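Using our numbering, the letters of the sequence shown correspond one by one to residues 49 to 246.
Ideal Cβ positions, reconstructed from N, Cα and C, are used throughout, including at glycine.
Since we're looking at a predicted model, the values are computed, not measured.
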Amino acid sequence: MINIIWLGLLIIGIVVGVATGNMDGITRGILKGAENGVSVSFGLVSILVFWLGLMKIAEEAGLIQSLAKLLRPLARFLYPSVPPHHPAMGSILANMSANILGLGNAATPLGLKAMRELQELNPNPRVASDAMCTLMAINTASLTVIPATVIALRLQYGSSNPTMIVGGTILATFLATMVAVLLDRYFRARDRRKRGDR
Numbered sequence: 049m050i051n052i053i054w055l056g057l058l059i060i061g062i063v064v065g066v067a068t069g070n071m072d073g074i075t076r077g078i079l080k081g082a083e084n085g086v087s088v089s090f091g092l093v094s095i096l097v098f099w100l101g102l103m104k105i106a107e108e109a110g111l112i113q114s115l116a117k118l119l120r121p122l123a124r125f126l127y128p129s130v131p132p133h134h135p136a137m138g139s140i141l142a143n144m145s146a147n148i149l150g151l152g153n154a155a156t157p158l159g160l161k162a163m164r165e166l167q168e169l170n171p172n173p174r175v176a177s178d179a180m181c182t183l184m185a186i187n188t189a190s191l192t193v194i195p196a197t198v199i200a201l202r203l204q205y206g207s208s209n210p211t212m213i214v215g216g217t218i219l220a221t222f223l224a225t226m227v228a229v230l231l232d233r234y235f236r237a238r239d240r241r242k243r244g245d246r
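As structure tokens, then:
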């Protein structure tokens with residue numbers, strides 16, 4: 049759907065440019081946008097490679113496992129239907145750890161893997177389970193301690209203090225995660241009440 053929206057905006061822009069005789073401006077805009085896209089991508093690649101390298105070092109040193117151990121009681125509370133030693137729990141913990149460390153791009157494959165593994169536990173494969181809904185809510189809101197991608201963008205555009213956003217990011221993502229958990233629990237309880245009424 050989003051691709052259709054972007055395509056529609058692009059076509060409207062070209063049509064308006066042709067109608068107003070500003071094709072030269074459209075061409076310059078397209079080329080400048082492509083140039084900016086490449087330069088931003090290179091900046092993001094460098095910071096992501098740096099953080100992924102640190103993540104690999106942390107993993108080898110046992111930091112990720114330690115973080116996963118710290119998060120295990122929280123994960124058991126959030127995902128009571130997932131057996132503690134099921135592979136899905138390991139993927140959920142890895143996803144949560146990557147999100148907390150601000151590695152959203154690294155967290156995405158882990159989240160997809162967790163969803164596939166949760167689907168194996170799902171008694172009704174045509175409807176998302178409670179655990180799947182919880183994962184989606186928490187992964188979307190996700191508490192982040194180090195917003196690596198945003199710091200990279202701020203560095204790229206010459207910010208004098210690119211890490212200034214860390215405190216605000218921690219507060220905003222903490223509140224978003226709390227709201228996601230509360231809403232998840234509310235809708236889960238409401239759904240159970242509806243099923244009990246029938």
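Note the first and the last residue of the continuous alpha helix (DSSP H) segment covering residue i.
i       : result
Gly-206 : That residue, Gly-206, is in no alpha helix (DSSP H); it is neither H nor E in DSSP.
Ala-146 : 135-148
Val-64  : 50-67
Ile-186 : 178-189
Can you tell me the Cα-Cα spacing of residue i and residue j, whole angstroms?
i       : j       : result
Thr-221 : Ala-189 : 6 angstroms
Leu-57  : Pro-132 : 47 angstroms
Thr-68  : Ile-52  : 24 angstroms
Leu-79  : Ser-94  : 23 angstroms
Thr-197 : Leu-92  : 7 angstroms
Met-180 : Gly-150 : 21 angstroms
Leu-210 : Leu-201 : Reading off the sequence, residue 210 comes out as Pro, not Leu. Taking the straight line joining both Cα atoms gives about 8 angstroms.
Gly-216 : Ala-176 : 33 angstroms
Ser-207 : Gly-81  : 21 angstroms
Leu-219 : Ala-237 : 27 angstroms
Tyr-234 : Arg-243 : 14 angstroms
Val-64  : Gly-85  : 23 angstroms
Asn-172 : Ile-50  : 29 angstroms
Val-66  : Leu-55  : 17 angstroms
Leu-158 : Ile-213 : 26 angstroms
Ala-109 : Ala-155 : 19 angstroms
Glu-83  : Pro-195 : 25 angstroms
Ser-114 : Gly-101 : 18 angstroms
Gly-77  : Asn-70  : 11 angstroms
Ile-59  : Asp-72  : 16 angstroms
Whose CA, out of the options, lies closest to the CA of residue i?
i       : options                            : result
Ile-74  : Asn-84, Gly-61, Ala-82             : Gly-61
Ala-146 : Pro-121, Ala-185, Ala-106          : Ala-106
Leu-141 : Ala-162, Pro-128, Arg-202          : Ala-162
Ala-116 : Leu-102, Val-214, Asn-143, Gly-101 : Asn-143
Ile-199 : Glu-108, Thr-156, Lys-242, Phe-98  : Phe-98
Leu-203 : Val-63, Leu-55, Ser-87             : Ser-87
Phe-90  : Asn-187, Lys-104, Tyr-205, Arg-76  : Tyr-205
Asn-187 : Arg-240, Arg-164, Leu-160          : Leu-160
Ile-148 : Asp-72, Leu-111, Arg-164, Arg-241  : Leu-111
Throw me the rounded Cβ distance for the residue i and residue j pair, which I believe falls under 8 angstroms.
i       : j       : result
Ala-185 : Leu-231 : 7 angstroms
Thr-182 : Leu-126 : 6 angstroms
Asp-178 : Ser-129 : 6 angstroms
With a threshold of 6 angstroms, establish whether the CB of residue i neighbours any heavy atom of the ligand GDP.
i      : result
Val-97 : In the structure on display, the ligand GDP does not appear, and there are no ligands present to speak of.
Do three or more CB pairs link the stretch 156-173 to the stretch 121-136 at distances below 8 angstroms?
-> yes
Between the stretch 180-194 and the stretch 223-231, do three or more beta carbon pairs fall short of 8 angstroms?
-> yes
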